[in-house]
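Novice:
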Amino acid sequence: MFAGHLITNSGYDNRLRMKAFFKELFFRLAPNKLPMDRASILMYHSVADTPEHFWSVQLQDFEVQMAYLAEAKRPVISLAELTKRLASSIPLGGSVVITFDDGYRNNFTHAYPLLKKYGFHATIFVVTNLIGKSDTRG
Numbered sequence: 003m004f005a006g007h008l009i010t011n012s013g014y015d016n017r018l019r020m021k022a023f024f025k026e027l028f029f030r031l032a033p034n035k036l037p038m039d040r041a042s043i044l045m046y047h048s049v050a051d052t053p054e055h056f057w058s059v060q061l062q063d064f065e066v067q068m069a070y071l072a073e074a075k076r077p078v079i080s081l082a083e084l085t086k087r088l089a090s091s092i093p094l095g096g097s098v099v100i101t102f103d104d105g106y107r108n109n110f111t112h113a114y115p116l117l118k119k120y121g122f123h124a125t126i127f128v129v130t131n132l133i134g135k136s137d138t139r140g
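Using the working numbering, the first residue of the sequence shown is number 3, and each one after it goes up by one.
1) DSSP beta-bridge partners for threonine 97?
2) Using the Cα positions of isoleucine 9 and glutamine 62, report the straight-line distance between them to the nearest angstrom.
3) Measuring only the C-alpha atoms, how far is glutamine 60 from arginine 87?
4) Leaving aside the five residues before and after aspartate 104 along the sequence, list all residues of the same chain whose C-beta is less than 6 Å from its C-beta, in chain order.
5) Determine the DSSP secondary structure at leucine 132, reduced to helix, strand or coil.
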C-alpha cells in the first residue's frame with residue numbers, strides 16, 4: 003500500500019506526508035536493488051531536525067541512509083569521479099554520488115561529520131549570492 007499511504011493519512015500535514023513518501027521511496031528503490039551497471043545520485047538540501055521544512059532530512063534519517071550505503075558496500079564516489087567514468091566509459095559498478103543543493107550551513111555542521119565517519123564524498127552546490135547572509139532554514 004505504497005501510494006495509499008498518502009491518501010489514508012489525511013490528518014497529517016501534507017509536507018510531512020510527502021517527506022514520509024520520499025523516505026519510503028528511497029528504501030524501496032534502495033541502491034542494492036539498482037542495476038550494477040548504473041550510478042545513483044542522492045540529492046539533499048538540508049540535514050537538520052526541522053521536519054516542518056520540506057527540503058530538510060532529519061539528522062537521524064540521514065545517518066540511517068549513510069549507514070545503509072556503507073552496509074550495502076556501494077561505492078560512494080564524487081561527482082567529478084562519476085563525470086570521469088562517464089566520459090571514459092569506465093563501468094559505474096552501482097556507484098552512488100551524494101550532492102547537496104543550496105549550501106546550507108548544516109551541510110557542514112550536521113552532514114559532514116557523518117560523511118567523514120563513513121568515508122563518503124559529497125558535492126555541495128552553493129548559492130553564491132547568499133554567502134554571508136542569514137537563513138533561518140538551516
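The beta carbon of each residue, even a glycine, is placed where N, CA and C say it ideally should be.
Specialist: Walking through what the data contain:
1) Against the sequence shown, residue 97 aligns to sequence position 95. Rather than threonine, the amino acid found at residue 97 in this sequence is serine. DSSP, once it has assigned bridges, lists no residue as partnering serine 97.
2) By 1-based counting over the sequence shown, the position of residue 9 is 7. By 1-based counting over the sequence shown, the position of residue 62 is 60. In this predicted model, isoleucine 9 has a pLDDT of only 44, less than 50, meaning its place in the structure is not dependable; the value taken from the coordinates is given anyway. Cα-Cα distance, rounded: 26 Å.
3) The residue you call residue 60 lines up with position 58 of the sequence shown. The residue you call residue 87 lines up with position 85 of the sequence shown. Taking the straight line from one Cα to the other gives about 32 Å.
4) For the purposes of this step, residue 104 is taken as residue 102 along the sequence shown, with counting starting at 1. Cβ within range, chain order: His47 and Val129.
5) Here residue 132 refers to the residue found at position 130 of the sequence shown. Residue state, collapsed to three classes: helix.
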